[in-house]
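Undergrad: Taken in order, these protein sequences are the chains called C, A, B, H, U and X.
At position 63 of the first sequence (counting the first as 1) the number is 292 in my numbering, and the numbers step up by one without a gap.
At position 76 of the second sequence (counting the first as 1) the number is 305 in my numbering, and the numbers step up by one without a gap.
At position 69 of the third sequence (counting the first as 1) the number is 298 in my numbering, and the numbers step up by one without a gap.
At position 22 of the fourth sequence (counting the first as 1) the number is 251 in my numbering, and the numbers step up by one without a gap.
At position 64 of the fifth sequence (counting the first as 1) the number is 293 in my numbering, and the numbers step up by one without a gap.
At position 12 of the sixth sequence (counting the first as 1) the number is 241 in my numbering, and the numbers step up by one without a gap.
Backbone N, C-alpha and C define an ideal beta-carbon position, used for all residues, glycine too.
Below is one structure. I have some questions about it.
There are 6 protein chains.
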Amino acid sequence: MGARREPIEYDAATPEVRAVYDDIMATRNTDWVNNFWKVLAHDPASLRRIWANIKEVMGAGALDPLTKELLYVAVSASNGCRYCIASHGAAARKRGMTQAQYSELLAIVALANETNTLVTALDVAVDPQFL
Amino acid sequence: MGARREPIEYDAATPEVRAVYDDIMATRNTDWVNNFWKVLAHDPASLRRIWANIKEVMGAGALDPLTKELLYVAVSASNGCRYCIASHGAAARKRGMTQAQYSELLAIVALANETNTLVTALDVAVDPQFL
Amino acid sequence: MGARREPIEYDAATPEVRAVYDDIMATRNTDWVNNFWKVLAHDPASLRRIWANIKEVMGAGALDPLTKELLYVAVSASNGCRYCIASHGAAARKRGMTQAQYSELLAIVALANETNTLVTALDVAVDPQFL
Amino acid sequence: MGARREPIEYDAATPEVRAVYDDIMATRNTDWVNNFWKVLAHDPASLRRIWANIKEVMGAGALDPLTKELLYVAVSASNGCRYCIASHGAAARKRGMTQAQYSELLAIVALANETNTLVTALDVAVDPQFL
Amino acid sequence: MGARREPIEYDAATPEVRAVYDDIMATRNTDWVNNFWKVLAHDPASLRRIWANIKEVMGAGALDPLTKELLYVAVSASNGCRYCIASHGAAARKRGMTQAQYSELLAIVALANETNTLVTALDVAVDPQFL
Amino acid sequence: MGARREPIEYDAATPEVRAVYDDIMATRNTDWVNNFWKVLAHDPASLRRIWANIKEVMGAGALDPLTKELLYVAVSASNGCRYCIASHGAAARKRGMTQAQYSELLAIVALANETNTLVTALDVAVDPQFL
Chain C
230 MGARREPIEY DAATPEVRAV YDDIMATRNT DWVNNFWKVL AHDPASLRRI WANIKEVMGA
290 GALDPLTKEL LYVAVSASNG CRYCIASHGA AARKRGMTQA QYSELLAIVA LANETNTLVT
350 ALDVAVDPQF L
Chain A
230 MGARREPIEY DAATPEVRAV YDDIMATRNT DWVNNFWKVL AHDPASLRRI WANIKEVMGA
290 GALDPLTKEL LYVAVSASNG CRYCIASHGA AARKRGMTQA QYSELLAIVA LANETNTLVT
350 ALDVAVDPQF L
Chain B
230 MGARREPIEY DAATPEVRAV YDDIMATRNT DWVNNFWKVL AHDPASLRRI WANIKEVMGA
290 GALDPLTKEL LYVAVSASNG CRYCIASHGA AARKRGMTQA QYSELLAIVA LANETNTLVT
350 ALDVAVDPQF L
Chain H
230 MGARREPIEY DAATPEVRAV YDDIMATRNT DWVNNFWKVL AHDPASLRRI WANIKEVMGA
290 GALDPLTKEL LYVAVSASNG CRYCIASHGA AARKRGMTQA QYSELLAIVA LANETNTLVT
350 ALDVAVDPQF L
Chain U
230 MGARREPIEY DAATPEVRAV YDDIMATRNT DWVNNFWKVL AHDPASLRRI WANIKEVMGA
290 GALDPLTKEL LYVAVSASNG CRYCIASHGA AARKRGMTQA QYSELLAIVA LANETNTLVT
350 ALDVAVDPQF L
Chain X
230 MGARREPIEY DAATPEVRAV YDDIMATRNT DWVNNFWKVL AHDPASLRRI WANIKEVMGA
290 GALDPLTKEL LYVAVSASNG CRYCIASHGA AARKRGMTQA QYSELLAIVA LANETNTLVT
350 ALDVAVDPQF L
């Protein structure tokens, strides 16, 4: 067995899995479910749990929906998770992210990786003004 | 020599270094320079170059200043760079980040690290809808 | 030259390399050698050295063989090394890992990445009870 | 504000936070709560949500409790999260982990980081036997 | 939109982008531009800025050109960036890197990842002799 | 138990451990052993094995001794391992690394982290010229 598992389509899913798929589509107002959930469905407990986390954390809160997706894309880009960039990038565009904003986001993410590396290697002491 | 180098204070700095310090303070409208730059000042070429990058990337653009700092904090939190969290967290608060927004940002960053790990380990294929 | 080098098959290998291949097959009681070793064989010194490390560390010890492979899979999943997940996943299944155990392992690995991120970003002080 | 927030002690906690603390102590059969939760308590929603995840993922399942903690320690060691090594290391020892087993775990984690790096850099193709 | 953007060829590029392409080719004394720059060209400001950084940092300095490329390859190998290994590996070979040196470099990178993991997990105190 | 273990001094060490310490000092022509080995000594098998790896990989080969230490420092800086930066930085200085070279090394490491992030996030296709 390699790392990749086949997605479980709606028609082949158990009622428990279908209930999560239904909630994903209702919450997002779409008529399809993306592969992450269909692959995670091999482990229904994780499917239910991870979806509950995403629904809560990415739902209405103190940050607006676009900013939340931008943050998700930024971390995914920093981690080099291409699927995550593609899926959360799509969600961000749906909420209004322009191509210019995406380019700027990538520039910030890459620069932060450069300066984070320098700061850590130089072991810079935190300024009292920041405490 | 350990990893940590002493910060170079303004009074002890060369004219070349002072020029960068002056530009940092003028750009940020502050009367002090934080340790990252004062440590980087041991290598004036890097000081000048990195500051020019930060100034350009974090300056006016397609994303608003608060969102830009939130993205910087998010990447720094994901990378575990405490100095960077402290310094860019301070910059974000100056631009209006509330404590509730910071908590939400951390929740997103941590959750993205969880799902990025799952997606990569499961080697999920990118949905055609995302291409 | 790209990053990928062709595997060196047994028939094309030098006696020095064949000796390692033979030891790998004898130790594992198999009749084939997986690609990692056949690619590493371009550098016979590394082939011999890395195999000696694997043989010693993954051999009989204080932890049982299945647990050792589970730990190897967990680190590989956390690092996003798909080849390593595939190869050590196969070794773990050979030693009895079930699909339910693998799903649980992935859930733990992903959750640890979430909480590790939070703990580091929040710079939590170690409790005296843990010292 | 630096990265570090003060732990919220039981006496100073809101009823909502106390309810989580109580559940942590009841689940673990202890009379104290470790700093991670007391720091996370500044964000009660995250406190409740992360605890619910830990409780479910680390609860009874297909893997025995010691193996689960060993996996958590392994990922934390690979990520360099010292608090997490300390806290989950304590949990693992409570479930029987010996010093020899811990040394062996560290050796596996470190070796996996070595071979993961080599495999990824060499871009080794997955053997058909692993698919 | 997926993560991958099409490269912008010279004939299709704006004068601003062509000026950077021209400088890349003149600096490197080649008649083609590699994909990184042609993909980055969708964001001309980043194209110009990143190239200026590479030109300055990788230009003449205190370290010889081969050593500089070896360091770039080493970090790229440690990060698992295959494109970067391929492109900077080619640059290193052009400057004289032999296959034996590349194998040795990979061995060092992988071993450093092993010992870095051990040192961090064991939280080793810096010796006074190193301060 | 926290993550940190006390170093085992020569006088308190077993003959097996002393033999490794002796070989470290003889190989390096020094009269002391640094903390990494004294902490690793709690696990004599790992002490012996890791030392044998370092001795072989960092010994005479296709790359000169200074370049080897520079590569070790670069990976350690990229990984943010401060002890490793301090110890291998000292070894590099002993072999002639100047402060200007160290600054240049850090600039390369940090820039590589920036461009590696961009390349991976943009999923740049490897040019046929690099294959």
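Please confirm if Ala336(C) has its CB atom under 8 Å from at least one CB of chain U.
TA: For Ala336(C), the nearest CB of chain U lies under 8 Å from its own CB, placing it at the interface with that chain.
Undergrad: Which residues mark the beginning and the end of the alpha helix (DSSP H) in which Leu300(U) is found?
TA: Taken as a continuous stretch (DSSP letters only), the alpha helix (DSSP H) holding Leu300(U) covers Pro294 to Asn308.
Undergrad: Cα separation between Ala270(A) and Glu238(A)?
TA: 9 Å
Undergrad: Helix, strand or coil for Asp444(A), going by three-state DSSP, please let me know.
TA: In the structure as shown, chain A starts at 230 and stops at 360, and residue 444(A) therefore has no counterpart that could be examined.
Undergrad: Quick check: what's the CA-CA separation for Cys310(X) versus Leu299(A)?
TA: 26 Å
Undergrad: Please state if the CB of Arg234(B) and the CB of Val268(B) are separated by a distance shorter than 8 Å.
TA: yes
Undergrad: Grab me the residues of Arg277(H)'s own chain with a C-beta within less than 8 Å of its C-beta, minus the 5 sequence neighbours each way, in chain order.
TA: Counting only Cβ-Cβ distances below 8 Å, and skipping sequence neighbours, we find Glu245 and Val249.
Undergrad: Going by other Cβ atoms of all chains shown within 10 Å of its Cβ, with 16 needed for buried, is Gln328(B) buried or exposed?
TA: Classification of Gln328(B): exposed, given that the 10 Å Cβ count is below 16.
Undergrad: Step through the CB atoms of chain H and report whether any lies within less than 8 Å of the CB of Ser307(A).
TA: no
Undergrad: Provide the residue span of the alpha helix (DSSP H) that contains Ala341(C), from first to last.
TA: Gln328 to Leu351
Undergrad: Could you tell me which of Gly318(X), Cys313(X), Thr349(X) and Val355(X) sits nearest to Asn264(X), measuring between CA atoms?
TA: Cys313(X)
Undergrad: To the nearest angstrom, how far is the alpha carbon of Ile337(C) from that of Glu343(A)?
TA: 22 Å
Undergrad: For Thr188(X), would you say it is in contact with chain C, using Cβ-to-Cβ distances shorter than 8 Å as the test?
TA: Outside the displayed range of chain X (230 to 360) lies residue 188(X), so it cannot be described from this structure.
Undergrad: Against Lys297(A), what residues of chain C qualify as contacts under a CB-to-CB distance less than 7 Å, listed in chain order?
TA: Ile337
Undergrad: Could you tell me the distance, in whole angstroms, from the CA atom of Ala291(U) to the CA atom of Thr349(C)?
TA: 23 Å
Undergrad: On the DSSP letters alone, give me the boundaries of the alpha helix (DSSP H) that Asn282(U) sits inside.
TA: Pro273 to Val286 is the span of the alpha helix (DSSP H), which, as asked, contains Asn282(U).
Undergrad: Determine, using beta carbons only, whether Asn282(B) comes closer than 8 Å to chain X.
TA: Yes - at least one Cβ of chain X is within 8 Å of the one on Asn282(B).
Undergrad: With Trp266(A) as the anchor, note down where its alpha helix (DSSP H) starts and where it stops.
TA: Per DSSP, Trp266(A) is one residue of the alpha helix (DSSP H) stretching across Asn264 to Leu269.
Undergrad: Taking the alpha helix (DSSP H) that Arg324(C) falls in, what are its first and last residues?
TA: From DSSP, Arg324(C) is part of no alpha helix (DSSP H); its letter is neither H nor E.
Undergrad: Is the CB-CB distance between Leu335(U) and Ala315(U) below 8 Å?
TA: Taking 8 Å as the Cβ cut-off, Leu335(U) and Ala315(U) do not qualify as a contacting pair.
Undergrad: Rounded to whole angstroms, what is the Cα-Cα separation between Ala281(H) and Asp260(H)?
TA: Cα to Cα, Ala281(H) sits roughly 19 Å from Asp260(H).
Undergrad: Would DSSP call Gly318(H) helix, strand or coil?
TA: helix
Undergrad: Rounded to the nearest angstrom, how far is the Cβ of Thr346(H) from that of Ala339(U), given a contact under 8 Å?
TA: 4 Å
Undergrad: 8 Å is my cut-off, CB to CB: does Glu333(B) come that close to chain A?
TA: no
Undergrad: If I measure Cβ to Cβ from Ser275(U) and keep anything under 8 Å in the same chain, skipping five residues before and after, which residues do I get?
TA: Leu269
Undergrad: Give the residues of chain C in contact with Arg311(H), contact being defined as C-beta atoms less than 8 Å apart.
TA: Near Arg311(H) there are no residues of chain C at all, since even the closest Cβ is about 15 Å away, more than 8 Å.
Undergrad: Residues in the same chain with beta-carbon distance under 8 Å from Met254(B), minus the five sequence neighbours each way, listed in chain order, please.
TA: Asp260, Trp261 and Val262
Undergrad: With a threshold of 8 Å between beta carbons, is Ile253(B) in contact with chain A?
TA: No, its Cβ sits nowhere closer than 8 Å to a Cβ of chain A.
Undergrad: Please confirm whether Val286(U) has its beta-carbon closer than 8 Å to some beta-carbon of chain X.
TA: yes
Undergrad: Can you tell me where the alpha helix (DSSP H) holding Pro244(X) begins and where it ends?
TA: Segment Pro244 to Arg257, the alpha helix (DSSP H) holding Pro244(X).
Undergrad: Taking 8 Å as the threshold (beta carbon to beta carbon), is Tyr239(X) in contact with chain U?
TA: no
Undergrad: Throw me the rounded Cβ distance for the Gly325(X) and Leu360(X) pair, which I believe falls under 8 Å.
TA: Actually they do not touch by this definition, with Cβ atoms about 37 Å apart.
Undergrad: Since Asp352(X) meets chain H, which of its residues come closer than 8 Å, beta carbon to beta carbon?
TA: Within 8 Å Cβ-Cβ: nothing; Asp352(X) doesn't reach chain H, min ~15 Å.
Undergrad: Would you say Tyr301(X) and Ala354(U) are within 8 Å of each other, going by their C-beta atoms?
TA: no
Undergrad: Considering only heavy atoms of the ligand HEM, does any lie closer than 7 Å to the CB of Ala255(U)?
TA: With respect to small molecules bound, the structure shown includes none, and the ligand HEM cannot be examined in it.
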